[in-house]
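Below is one structure, written out as structure tokens; comments come after it.
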Amino acid sequence: MSEYDPQALQAKWQQRWEEQEPYRASEDAADPRERRYMLDMFPYPSGDLHMGHGEVFAIGDVVARYWMQQGYNVLHPIGWDSFGLPAENAAIKRNAHPAEWTYANIETQANSFQRYGISFDWSRRLHTSDPEYYRWNQWLFIRFFERGLAYRKGGLVNWCPNDQTVLANEQVVAGKCERCGADVIRRELTQWYFKITDYAQRLLDDMQQLTGWPERLLTMQRNWIGRSEGADVLFEIEGREEPVHVYTTRPDTLYGATFFVVAVDAALADEIVTDEQRPAFEAYRAEVAKLSDIERLSTDKEKTGVFLGRHAVNPVSGERIPVWAADYVLSDYGHGAIMAVPAHDQRDLDFARKFELPVQVVVHTGLADPGETGEATPGEGTLVNSGPLDGLTKAEAISKIIEILEVEGRGTGAVNFRLRDWLLSRQRFWGTPIPIIHCADCGEVPVPDEQLPVTLPDLRGEALAPKGVSPLASATEWVNVECPKCGGPAKRDTDTMDTFVDSSWYYLRYTSPGYTDGPFDPEQVRKWGPIDQYVGGIEHAVLHLLYSRFFTKVLHDMGMVDFTEPFLRMLNQGQVINGGKAMSKSLGNGIDLGQQIDAFGVDAVRLTMIFAGPPEDDIDWADVSPAASQKFLARALRVMSEASAEPGVPFEGGDTELRKATHRTIDEVTKLVESQRFNVAVARMMELTSAARKAIDSGPGAADPAVREAAESLAVMLSLVAPYVAEEGWERLGRTGPVAVAGWPVADPALLVQESVTCVVQVAGKVRDRLEVAPDISEDELRALALASDKVAGYLQGAPRKVIVRAPKLVNIVP
1 MSEYDPQALQ
11 AKWQQRWEEQ
21 EPYRASEDAA
31 DPRERRYMLD
41 MFPYPSGDLH
51 MGHGEVFAIG
61 DVVARYWMQQ
71 GYNVLHPIGW
81 DSFGLPAENA
91 AIKRNAHPAE
101 WTYANIETQA
111 NSFQRYGISF
121 DWSRRLHTSD
131 PEYYRWNQWL
141 FIRFFERGLA
151 YRKGGLVNWC
161 PNDQTVLANE
171 QVVAGKCERC
181 GADVIRRELT
191 QWYFKITDYA
201 QRLLDDMQQL
211 TGWPERLLTM
221 QRNWIGRSEG
231 ADVLFEIEGR
241 EEPVHVYTTR
251 PDTLYGATFF
261 VVAVDAALAD
271 EIVTDEQRPA
281 FEAYRAEVAK
291 LSDIERLSTD
301 KEKTGVFLGR
311 HAVNPVSGER
321 IPVWAADYVL
331 SDYGHGAIMA
341 VPAHDQRDLD
351 FARKFELPVQ
361 VVVHTGLADP
371 GETGEATPGE
381 GTLVNSGPLD
391 GLTKAEAISK
401 IIEILEVEGR
411 GTGAVNFRLR
421 DWLLSRQRFW
431 GTPIPIIHCA
441 DCGEVPVPDE
451 QLPVTLPDLR
461 GEALAPKGVS
471 PLASATEWVN
481 VECPKCGGPA
491 KRDTDTMDTF
501 VDSSWYYLRY
511 TSPGYTDGPF
521 DPEQVRKWGP
531 IDQYVGGIEH
541 AVLHLLYSRF
551 FTKVLHDMGM
561 VDFTEPFLRM
571 LNQGQVINGG
581 KAMSKSLGNG
591 IDLGQQIDAF
601 GVDAVRLTMI
611 FAGPPEDDID
621 WADVSPAASQ
631 KFLARALRVM
641 SEASAEPGVP
651 FEGGDTELRK
661 ATHRTIDEVT
671 KLVESQRFNV
681 AVARMMELTS
691 AARKAIDSGP
701 GAADPAVREA
711 AESLAVMLSL
721 VAPYVAEEGW
731 ERLGRTGPVA
741 VAGWPVADPA
751 LLVQESVTCV
761 VQVAGKVRDR
771 LEVAPDISED
781 ELRALALASD
791 KVAGYLQGAP
801 RKVIVRAPKL
811 VNIVP
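Quick look at the structure:
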């Protein structure tokens with residue numbers, strides 16, 4: 001180990017890379033190389049880099065470095081998602097400005113990234129909290145506003161009582177705030193929204209372009225968008241002039257609707273409740289307000305409700321049915337009201353049984369009467385008790401009833417989406433100010449483009465403490481302005497934007513970070529976009545990726561980009577855990593990335609991350625060994641240091657077996673990296689190192705040209721995961737220029753032909769023999785050879801119970 005000093009190598013090559021800038025993407029129009037854009041999800045500066053950062057950026061760097069070696073002009077940028085609540089909360093505790101904490105942490109992380117040897121183009125660095133960046137958030141908001149895609153409305157919203165701000169639906173996980181874990185409540189507020197629902201169908205349709213995304217991720221997106229087909233049915237409510245729209249996916253069951261349910265917090269319920277029922281209704285509504293949506297929709301929760309004193313009219317049967325308010329219907333589903341068909345919907349049945357409401361079977365499924373069993377029958381069958389629908393199948397009945405409704409003017413076929421418009425207002429300080437001025441005469445007036453950016457005032461410490469309204473409201477000099485239209489007194493909007501706005505288009509800014517005529521240079525985006533490979537956590541499958549896809553489609557419609565999907569390929573990494581559990585302070589099982597680097601060196605930590613398993617799998621740090629990685633790197637560096645044949649010597653005269661091993665490794669590693677099986681690629685590099693070591697120690701020796709070929713190939717391939725050792729080895733081999741752009745070795749097909757393969761024969765899981773066999777040997781032939789082996793026979797008593805053959809490399813015998 002004396003020849004391998006990780007810290008010394010890191011200091012040496014960090015300085016060289018800073019001078020050489022080997023990872024800087026070329027903007028030269030005459031550069032003939034094909035462009036590739038590799039992007040890691042940018043970090044939030046909440047402190048120094050942690051183990052999760054260590055994994056995801058090591059994975060992304062393998063891809064970026066591989067493309068560089070393949071001769072592509074690679075854009076691999078870095079920036080920081082630097083607005084957000086953690087900085088604001090830290091500022092309150094420290095009686096400081098959020099910028100102080102934010103930018104100090106950015107510098108800490110930047111230094112750690114440089115130490116970690118990631119192949120970033122540092123010339124494109126950006127921070128979303130810079131006015132030069134968030135100016136364009138505001139510019140884009142105004143363009144969305146002009147297109148009718150940004151609007152303000154009142155209604156019930158998700159409210160985090162801990163963070164004192166609203167949350168988008170996507171930021172509520174199991175009824176809790178995804179940031180702090182507090183129980184989310186519903187609150188009536190007027191807020192800003194982006195009209196993402198206008199793009200719901202396109203968000204679904206364009207998934208056909210995403211052939212490079214994991215199916216699991218696509219499924220999550222589809223489920224969140226939640227497209228369903230059915231009908232909008234008009235129900236008359238006694239005492240109300242306008243009919244009420246009800247969306248249902250099962251219009252075939254209309255004849256089974258025996259009561260009508262309105263969400264207790266919907267405006268409709270408050271409108272139609274009778275004076276006699278109002279006290280009971282208001283008391284019930286107050287109780288439900290304490291529940292989260294998850295609690296309201298729980299199938300285990302006992303059904304509750306209150307009769308509103310009104311009746312609706314079933315549009316097909318003409319029957320009067322009672323109207324109830326209940327908690328199991330949400331105000332933002334469809335139109336906030338449902339037709340209740342208790343025979344064929346379990347929640348409706350539970351409600352009907354609780355309040356002794358009628359149950360009418362209209363689909364014969366062959367199962368017992370739900371009114372007697374308490375088990376609804378939601379499946380398919382033949383329509384009964386349904387007038388003109390009797391005898392039809394579900395599909396036939398749906399088509400028929402929609403036709404009847406449309407002819408009679410009582411409804412239409414309809415498509416519904418689970419997706420709701422993106423609520424982007426936040427009642428906190430450290431974010432992009434919304435560029436709207438409110439004037440009593442002119443209404444909502446956008447800030448003129450020439451007055452952008454609207455920068456944040458200087459608030460700090462206790463002035464930032466959450467009060468249920470934005471801290472910006474207290475900055476009266478900042479709030480009170482002249483109306484840009486009429487010149488009269490007006491006020492700035494005091495909410496800030498959801499930080500997911502920042503990250504919805506940052507990847508475009510990287511192509512031209514200094515551009516001043518717009519958020520990005522469209523010509524540069526055409527050259528670099530869309531992103532060829534995006535790497536990041538599955539936890540962003542809905543939030544960030546959905547919003548980014550939406551932004552890209554809007555920008556395409558504005559003529560600013562010529563593609564409709566931002567990320568061609570997605571790679572989701574797993575978590576780094578410890579002892580089978582997620583790392584946390586409360587468990588005391590955290591592992592510090594910096595300490596691991598101090599102990600074992602950057603390359604050993606990176607190699608361990610990559611070698612631990614497939615990228616998408618979790619890494620249990622208790623089960624891996626950076627110390628073993630460090631020892632391997634020392635062996636690899638020794639091989640590169642000892643290879644003594646002159647640079648440029650022809651390899652043809654070298655040891656044939658080592659040359660074959662080298663070229664097989666090149667071929668396999670190339671295929672493995674292309675298929676993102678990085679851990680197996682590392683295993684092949686380790687095998688080549690052992691083969692070269694053997695040739696040096698007991699073969700033709702260090703001066704053999706084949707040893708140099710193996711060592712040079714190893715340096716280039718190893719540069720993907722261990723850049724410091726690779727650069728040092730390349731230099732010791734007498735090569736000039738960064739190994740990062742030396743060029744990927746090409747396997748000679750003539751050296752890939754295998755005359756024989758070593759087959760391992762196991763008995764009861766233990767290796768008992770090794771056979772040299774033809775690569776194309778059949779399973780039957782290999783089974784016979786293994787059972788005929790004298791070494792194997794000694795461990796068998798009679799015929800084996802099972803023989804598992806994996807030709808040509810493995811036979812496993814179960815005695």
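First residue of the sequence shown: 1, per the UniProt record's numbering; consecutive thereafter. Note that the Cβ used here is the ideal one computed from N, Cα and C, for glycine as well. All of these numbers come straight from a predicted model, not from anything done at the bench.
ask   = Counting along the chain, where does the beta strand (DSSP E) carrying Tyr-151 start and finish?
value = 150 to 160
task = Taking 8 Å as the cut-off, decide whether the C-beta atoms of Pro-522 and Phe-563 are in contact.
result = no
key: Distance CB(Leu-204)-CB(Glu-565) smaller than 8 Å   = no
query = Three-state secondary structure (DSSP) at Ala-661?
reply = helix
ask   = In three-state DSSP terms, what is Asn-105?
value = helix
query = Closest to Arg-677 by CA distance: which of Leu-571, Asp-623 and Ser-698 is it?
reply = Leu-571
Completely contained alpha helix (DSSP H) runs for the segment 631 to 719, where each covers 4 or more residues = 656 to 674, 678 to 698 and 705 to 718
query = Would Pro-815 be called buried (16 or more neighbouring beta carbons within 10 Å of its own) or exposed?
reply = exposed
task = Mind checking who residue 816 pairs with in its DSSP beta bridge?
result = Outside the shown range of the chain, which is 1 to 815, sits residue 816, and nothing can be said about it.
message = So, with DSSP's three-state summary, where would you put Met-560?
response = coil
query = Does the beta-carbon distance from Leu-330 to Asp-293 come in below 8 Å?
reply = yes
message = Is the separation between the beta-carbon of Arg-549 and that of Thr-165 shorter than 8 Å?
response = no
ask   = Which whole-angstrom value describes the C-beta separation of Ser-119 and Asp-61, a residue pair presumed to lie in contact below a C-beta threshold of 8 Å?
value = 6 Å
task = Starting from Asn-812, follow the beta strand (DSSP E) in both directions and report where the run begins and ends.
result = 810 to 814
inquiry  = Using C-beta distances below 7 Å, list every residue in its chain close to Gln-596, excluding the 5 sequence neighbours before and after it, in chain order.
reply    = Val-605 and Pro-626
ask   = If you draw a straight line from the alpha carbon of Tyr-255 to that of Val-264, how long is it in whole angstroms?
value = 25 Å
inquiry  = Report the start-end ranges of each alpha helix (DSSP H) in the segment 412 to 485 that is 4 residues or longer and not cut off at the edges.
reply    = 476 to 479
task = Answer with buried or exposed for Met-558, where buried requires no fewer than 16 other C-beta atoms within 10 angstroms of its C-beta.
result = exposed
ask   = Is DSSP giving Asn-111 helix, strand or coil here?
value = helix
query = Would residue 833 be called buried (16 or more neighbouring beta carbons within 10 Å of its own) or exposed?
reply = Here the chain covers residues 1 to 815 and nothing more, so residue 833 does not appear.
message = Using 8 Å for Cβ pairs, my map puts Ile-237 next to Arg-310. What's the rounded Cβ distance?
response = 6 Å
message = Under DSSP, the beta strand (DSSP E) around Tyr-284 begins and ends at which residues?
response = Taken as a continuous stretch (DSSP letters only), Tyr-284 belongs to no beta strand (DSSP E), being part of the alpha helix (DSSP H) at 278 to 288.
ask   = Out of curiosity, what's the CA-to-CA distance linking Ser-2 and Gly-594?
value = Below a pLDDT of 50, predicted positions are generally treated as unreliable, and Ser-2, at 48, falls in that range; no measurement from the model is reported.
ask   = Around the C-beta of Asp-40, are 16 or more other C-beta atoms found within 10 angstroms, so that it is buried, or is it exposed?
value = buried
inquiry  = Below 7 Å, is the gap between the Cβ of Val-445 and the nearest heavy atom of the ligand GTP?
reply    = With respect to the ligand GTP, the structure shown offers nothing to examine, as it has no ligands at all.
key: Chain-order list of residues whose beta-carbon lies under 7 Å from that of Asp-275 (same chain, five-residue window excluded)   = none
request  = Evaluate contact between the segment 386 to 400 and the segment 133 to 151, counting only Cβ atoms and requiring at least three cross-stretch pairs below 8 Å.
outcome  = no
Neighbourhood of Met-609 by C-beta, 7 Å cutoff - its chain only, sequence neighbours within 5 removed = Gly-54, Glu-55, Ala-58 and Ile-619
message = Between Val-746, Asp-198, Tyr-133 and Gly-155, which has its C-alpha nearest Gly-148's C-alpha?
response = Asp-198
message = Taking the alpha carbon of Ala-286 as the reference point, which residue from Ala-325, Val-576 and Thr-248 has its own alpha carbon closest?
response = Ala-325
Own chain partners of Tyr-116 with C-beta closer than 6 Å, once the 5 adjacent residues on each side are dropped = Val-602
query = Under a three-way DSSP split, which group does Thr-249 fall into?
reply = coil
inquiry  = Suppose the cutoff is 7 Å on Cβ atoms and the five residues either side in sequence are ignored; what does the same chain contact list for Ala-645 look like?
reply    = Ala-703, Asp-704, Pro-705, Val-707 and Arg-708
ask   = Are at least three pairs of beta-carbons, each pair with one atom in the segment 627 to 636 and one in the segment 689 to 696, less than 8 Å apart?
value = yes
request  = Output the distance between the C-alpha atoms of Asp-667 and Val-773, rounded to the nearest integer angstrom.
outcome  = 21 Å
query = Whose C-beta lies closer than 8 Å to the C-beta of Trp-101 among residues of the same chain, with five residues either side of it excluded?
reply = Ala-87, Ala-90, Ala-91 and Arg-94
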